[in-house]
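Number of protein chains: 2
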Amino acid sequence: MRTETAKNELMTVMTTADLLKHWQGHRGLTRRVIEAFPEKELFNYCIGGMRPFGEMVMELLAIAAPGLREIVTGEQEKYDHDLGISSKSELLRQWDETTEIIEQYFPKIRLEQYHQSIKSFGRFESTVIENIFYFIDNEIHHRGRGYVYLRSLDIEPPFFWEH
Amino acid sequence: MRTETAKNELMTVMTTADLLKHWQGHRGLTRRVIEAFPEKELFNYCIGGMRPFGEMVMELLAIAAPGLREIVTGEQEKYDHDLGISSKSELLRQWDETTEIIEQYFPKIRLEQYHQSIKSFGRFESTVIENIFYFIDNEIHHRGRGYVYLRSLDIEPPFFWEH
């Protein structure tokens with residue numbers, strides 16, 4: 001059993017570099033989905049009483065950079081998705097700005113932090129790794145909804161995966 | 164630099180147990196989404212020319228257990244989503260059967276395999292860890308689409324995350 005444990009510690013299923021690439025890869029795809037929307041429908045089009053895709057993107061912007069900064073600095077950030085963005089170009093500009101912030105802050109997460117518990121935005125308690133996966137999975141989830149919006153507008157969405 | 168590398172090797176961002184829990188956690192949520200659909204709409208309801216949710220679920224079934232078995236045994240499996248399932252109970256039964264297969268096979272992935280490249284279903288070349296994330300992310304993506312179907316049917320979907 002001790003040999004097994006030692007071996008487990010020496011092998012890494014996923015490195016921090018893999019995780020960053022995974023996250024930014026998904027963000028690149030989401031960027032292409034934003035681009036695929038006509039500006040009007042990005043902010044107005046809904047199905048089943050859900051938010052327009054642009055509002056979902058504002059939620060993603062409100063989570064990613066502030067959530068990551070909070071992990072790195074330990075200082076609580078405010079969750080505020082009410083960003084008041086009303087143009088596609090501004091949405092994309094803030095998306096790209098977030099990409100830069102992630103590149104800058106992500107490597108500052110200390111390895112020993114990943115399995116430590118934090119209270120994200122002062123509310124959601126889970127480990128750092130669970131938090132980061134929440135950021136990513138929540139984005140995939142919203143983007144999946146964006147695909148339906150696009151299809152129902154007769155717009156071909158980008159391929160889900162290069163894969 | 165050497166100290167950094169050694170430290171990196173000794174710390175694990177994500178253990179195999181975390182990854183299994185992450186996958187099965189998502190599968191549990193997808194199961195609740197399947198359950199939320201009325202039987203008729205599960206197999207007939209579409210938006211924007213996309214497949215009914217039941218067909219997306221058959222794709223997920225066709226990927227998860229065969230894809231994982233292939234990783235473990237090294238023997239190429241056939242990708243076949245044409246499962247001919249037409250009842251919700253049978254879809255859920257096969258979902259649960261897949262849950263068991265995953266529990267059984269997942270621990271058999273050898274740690275040194277995770278960063279090795281394979282050709283999934285004889286077609287998609289990527290590392291084992293990338294493959295597994297594809298299985299998970301593709302499920303989140305389809306499930307996000309299922310949420311729109313439910314909402315447009317005036318059905319409240321389950322919470323996205325316990326989180």
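From first to last, the protein sequence lines are chains Y and B. Following our numbering, the numbering of the first sequence begins with 1 at its first residue and continues without gaps. Following our numbering, the numbering of the second sequence begins with 164 at its first residue and continues without gaps. C-beta: ideal position from N, C-alpha, C; glycine also. Source: prediction; values computed, not measured.
Residues of chain B whose Cβ lies closer than 7 Å to the Cβ of serine 152 of chain Y are, in chain order, Ile210 and Gly211. For methionine 177 of chain B, the chain Y residues whose Cβ falls inside 7 Å of its Cβ are Val13, Met14 and Ile129, in order along the chain. At a cut-off of 7 Å between beta carbons, arginine 308 of chain B contacts chain Y. Phenylalanine 206 of chain B is outside the set of residues whose beta carbon lies under 7 Å from a beta carbon in chain Y. Leucine 205 of chain B has its alpha-carbon roughly 31 Å from the corresponding atom of glycine 28 of chain Y. When 9 Å is used as the limit between beta carbons, tyrosine 114 of chain Y is near these residues of chain B: Met174, Thr175, Val176 and Met177, in chain order.
Note: serine 120 of chain Y is bridge-paired with Y:Phe124 in the DSSP secondary-structure output. Here threonine 98 of chain Y carries a helix assignment [DSSP, helix/strand/coil]. Judged by DSSP in its simplified three-state form, histidine 115 of chain Y adopts coil rather than helix or strand. Residue burial is scored here from C-beta neighbours: glycine 285 of chain B has fewer than 16 other C-beta atoms within 10 angstroms and is therefore classed as exposed. When DSSP states are grouped into helix, strand and coil, arginine 93 of chain Y belongs to the helix group.
For phenylalanine 121 of chain Y, none of the residues of chain B pass the 9 Å Cβ criterion, the least Cβ distance being about 11 Å. Close to leucine 182 of chain B, with beta-carbon spacing below 9 Å, are these residues of chain Y in chain order: Val13 and Met14.
In this structure, isoleucine 140 of chain Y sits away from aspartate 181 of chain B, with a CB-CB distance that is not shorter than 7 Å. Contact between arginine 143 of chain Y and threonine 30 of chain Y holds, since their C-beta atoms are separated by about 5 Å, short of 8 Å.
CA-CA distance, alanine 65 of chain Y to leucine 92 of chain Y, rounds to 14 Å. The alpha-carbon of glutamine 94 of chain Y is positioned some 12 Å away from that of isoleucine 34 of chain Y.
No residue range can be given for leucine 83 of chain Y, since it is assigned to no alpha helix (DSSP H) and is classified by DSSP as neither H nor E.
At a cut-off of 7 Å between C-beta atoms, aspartate 137 of chain Y counts as an interface residue with respect to chain B. CA-to-CA, the gap between serine 315 of chain B and tyrosine 268 of chain B works out to about 37 Å. Under the Cβ criterion of 7 Å, histidine 141 of chain Y is counted among the residues facing chain B.
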